[in-house]
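*Asks:*
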DNA sequence: TATTGTTATACTCTATAACTATA
DNA sequence: TATAGTTATAGAGTATAACAATA
C-alpha cells in the first residue's frame, strides 16, 4: 500500500518545482537595480566575470588559468622576454609575476635562463610542452570568441574592441 | 668639499633617467601581443582591471570595495531583500555572500533582521550610516563614469552598455 | 645606488563541506 | 526533505617588505 507521500516526485511535486522556479524568476524580475545597469564599470564587471567563469569551466582540466594563457602567448610571440617587461605590461608586482613564472616552470611549460649579457635578467621561453598546451587552450579561447560573435552583428566586434581599448587607456597610468 | 657623486640627482642623472624611461617605453613598443588584442575576453579583462584599479584608489579611505557598492545599491533599491536573491543575481555562493553581509553589518552599514513570515530568511537593509556611505561612494563612481565619457563620443556609452549586456547574457547560465 | 628577481607573509575574494535552524 | 543561512577551511590572486645577486 503506497504511503500518502511517495519519495519519487510525482506530478504534484513536479508542478511545485516549476512553480518555485517561476516564483524565483519572478522575484528576480522584480528586483530594482537602480543606476547600476547604466554604469560602464558595473557592466564591465558583469561581462568580465561571466566570460571568465565560462572559460574557467572549459579550461578546468588543463590546469591553466586565463591569466596564464596571456603569459604563454606573450612568451610565444616574444621568446626571451624578461619578467620585468611583463610586470610593466600587466601592472603586476614583480613578486606576483615571479610566483606565476615559478608555477608555470614547475609544470614544465616554460623555462627561465640567465641572460648572458646581463646576469640580473632571466630570459623566459616556452618549452615544447608549453607550445603544445598553448595551442590546445587557444582552441578553447577561440571557440569562446566565436560564441560571442553569435550575439554580435557584423562590425560590432571591432567596435567593442575599440571601445574597450579606449576605456583601458583612459585609466592606464 | 663636495664628493664626486652627489646624492641629489644632477642633470646627468636626470638625463639618464629620461633615457632609461625611453628605453623601457621602446621595449614595450616592441612587444608582440599576438592575437591577444583581437580577443574580446582579453580586452574585457584589461579594461575591467584598469577601471577597478582606478576605483580602488579613489575608494581606499572609505574601506568600501566596488562589489560592496553593488550590494549597498541593491539594498537601497530593494529594502528587505534576502541574501539568497542576491546570490542568484551575482552567481555567488551563499557562504560568500554571508561573509560580505557580516562584514558590512560589522561596520554598521547594513542590518539583517529575521523575517516575521518565514524565520529562515533574513531581511537586509541599509542603516542611515549605510545610506550616507552609499551617497559618498556613488559620487566617486559617477565621477569615474564621467571620466569615461571623456573618451567616448555621443551615443557610444549606450552602445557599449548594450554590447556588454549582450556578452553577459550570452554566458549567463 | 639602482635594478632584477626571490621568498616570506598577509589580505581579499571565492568555493566546498559540514553544520544549524526553519519550513 | 528542502531551503536559508553560518562557520571552518582552503585555494586563487594579489601586494608589501626584506633580501640576494648583479650592474
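Protein chains in written order, with the numbering used here: chain A, -3 to 169; chain B, -3 to 169. The beta-carbon is built from N, C-alpha and C at its ideal position, and this holds for glycine as well. It should be emphasised that the depicted structure is a prediction, and the values quoted were computed from it without experimental measurement.
With contact counted as at least three CB pairs below 8 Å, one residue from each stretch, are the segment 143 to 162 of chain A and the segment 79 to 88 of chain A in contact?
*Replies:* With a cut-off of 8 Å, the segment 79 to 88 of chain A and the segment 143 to 162 of chain A do not count as touching, because too few Cβ pairs lie within range.
*Asks:* Using the Cα positions of residue 40 of chain A and residue 128 of chain B, report the straight-line distance between them to the nearest angstrom.
*Replies:* So the alpha carbons of these two residues sit roughly 26 Å apart.
*Asks:* Considering only C-alpha positions, which residue in the set B:92, B:75, B:86, B:30 is nearest to residue 108 of chain B?
*Replies:* Ranking B:92, B:75, B:86, B:30 by Cα distance to residue 108 of chain B puts B:75 first.
*Asks:* Compare the C-beta of residue 34 of chain A with all C-beta atoms of chain B and state if any pair is closer than 8 Å.
*Replies:* Yes - at least one Cβ of chain B is within 8 Å of the one on residue 34 of chain A.
*Asks:* Check whether the segment 132 to 143 of chain B touches the segment 84 to 95 of chain B, counting contact only when three or more Cβ pairs, one atom from each stretch, lie closer than 8 Å.
*Replies:* Flag = no, the segment 132 to 143 of chain B and the segment 84 to 95 of chain B do not touch.
*Asks:* Going along the chain, which unbroken runs of the beta strand (DSSP E) with 3 or more residues stay wholly within the segment 87 to 131 of chain A?
*Replies:* For the segment 87 to 131 of chain A, whole beta strand (DSSP E) runs of length 3 or above, ordered along the chain, are 106 to 110, 118 to 122.
*Asks:* If we cut at 8 Å on Cβ distances, does residue 139 of chain A have a partner in chain B?
*Replies:* No, no contact with chain B.
*Asks:* Using a beta-carbon distance below 8 Å, is residue 42 of chain A in contact with chain B?
*Replies:* So, interface residue.
*Asks:* According to DSSP, simplified to helix, strand and coil, what is residue 72 of chain A?
*Replies:* Three-state result, residue 72 of chain A: helix.
*Asks:* Do you know how far the Cα of residue 33 of chain B is from the Cα of residue 165 of chain A?
*Replies:* Distance between the alpha carbons of residue 165 of chain A and residue 33 of chain B: 13 Å.
*Asks:* If we call anything under 8 Å between Cβ atoms a contact, is residue 118 of chain B one with residue 78 of chain B?
*Replies:* Result yes, Cβ atoms of residue 118 of chain B and residue 78 of chain B sit closer than 8 Å.
*Asks:* Can you tell me whether residue 105 of chain A is buried or exposed, with buried defined as 16 or more other CB within 10 angstroms of its CB?
*Replies:* Buried is the call here.
*Asks:* What do you get for residue 64 of chain B, buried or exposed, if any count of 16 or more other CB atoms within 10 angstroms of its CB means buried?
*Replies:* Buried.
*Asks:* What are the boundary residues of the alpha helix (DSSP H) that includes residue 35 of chain A?
*Replies:* Element bounds for residue 35 of chain A: n/a, residue is neither H nor E.
*Asks:* Quick test of your reading: residue 37 of chain A and residue 69 of chain B, contact by CB under 8 Å. State the CB separation rounded to the nearest angstrom.
*Replies:* Rounded, the Cβ-Cβ distance is 12 Å, inconsistent with contact.
*Asks:* Starting from residue 152 of chain B, trace the alpha helix (DSSP H) both ways and give me its first and last residue.
*Replies:* Here the alpha helix (DSSP H) through residue 152 of chain B covers 152 to 167.
*Asks:* Have a look at B:113, B:156, B:125, B:24 and flag the residue whose alpha-carbon is nearest the alpha-carbon of residue 60 of chain B.
*Replies:* Nearest of B:113, B:156, B:125, B:24 to residue 60 of chain B, Cα basis: B:125.
*Asks:* Output yes if chain A places a C-beta closer than 8 Å to the C-beta of residue 72 of chain B; else output no.
*Replies:* Yes - at least one Cβ of chain A is within 8 Å of the one on residue 72 of chain B.
*Asks:* Show which residues of chain A have a CB atom less than 7 Å away from the CB atom of residue 85 of chain B.
*Replies:* Those within 7 Å of residue 85 of chain B in chain A are 24, 27.
*Asks:* Could you tell me whether any Cβ in chain B is nearer than 8 Å to the Cβ of residue 46 of chain A?
*Replies:* For residue 46 of chain A, the answer is yes, since a Cβ of chain B falls inside 8 Å of its Cβ.
*Asks:* In the DSSP output, which residue or residues are listed as bridge partners for residue 77 of chain B?
*Replies:* Answer is B:120, bridged to residue 77 of chain B.
*Asks:* Please classify residue 43 of chain B as buried or exposed, where buried requires at least 16 other C-beta atoms within 10 Å of its C-beta.
*Replies:* Under this definition residue 43 of chain B is a buried residue.
*Asks:* Please list, in chain order, the chain B residues whose beta carbon lies closer than 8 Å to that of residue 38 of chain A.
*Replies:* Within 8 Å Cβ-Cβ: 66.
*Asks:* Does the distance from the C-beta atom of residue 50 of chain A to that of residue 167 of chain B stay below 8 Å?
*Replies:* Yes, these two residues count as a Cβ contact at 8 Å.
*Asks:* Does the beta-carbon of residue 139 of chain B have 16 or more other beta-carbons within 10 angstroms, so that it is buried, or is it exposed?
*Replies:* Per the 10 Å Cβ criterion, exposed.
*Asks:* Evaluate residue 46 of chain B with the Cβ neighbour count: other Cβ atoms within 10 Å of its Cβ, from every protein chain shown; 16 or more gives buried, anything less gives exposed.
*Replies:* So residue 46 of chain B ends up on the buried side.
*Asks:* Under the three-state reduction of DSSP, which class applies to residue 48 of chain B: helix, strand or coil?
*Replies:* Correct three-state label for residue 48 of chain B: helix.
*Asks:* So, helix, strand or coil for residue 63 of chain A, using DSSP?
*Replies:* It is helical.
*Asks:* Which bits of chain A does residue 30 of chain B rub up against, with CB to CB less than 7 Å?
*Replies:* Here the neighbours are 69, 72, 73.
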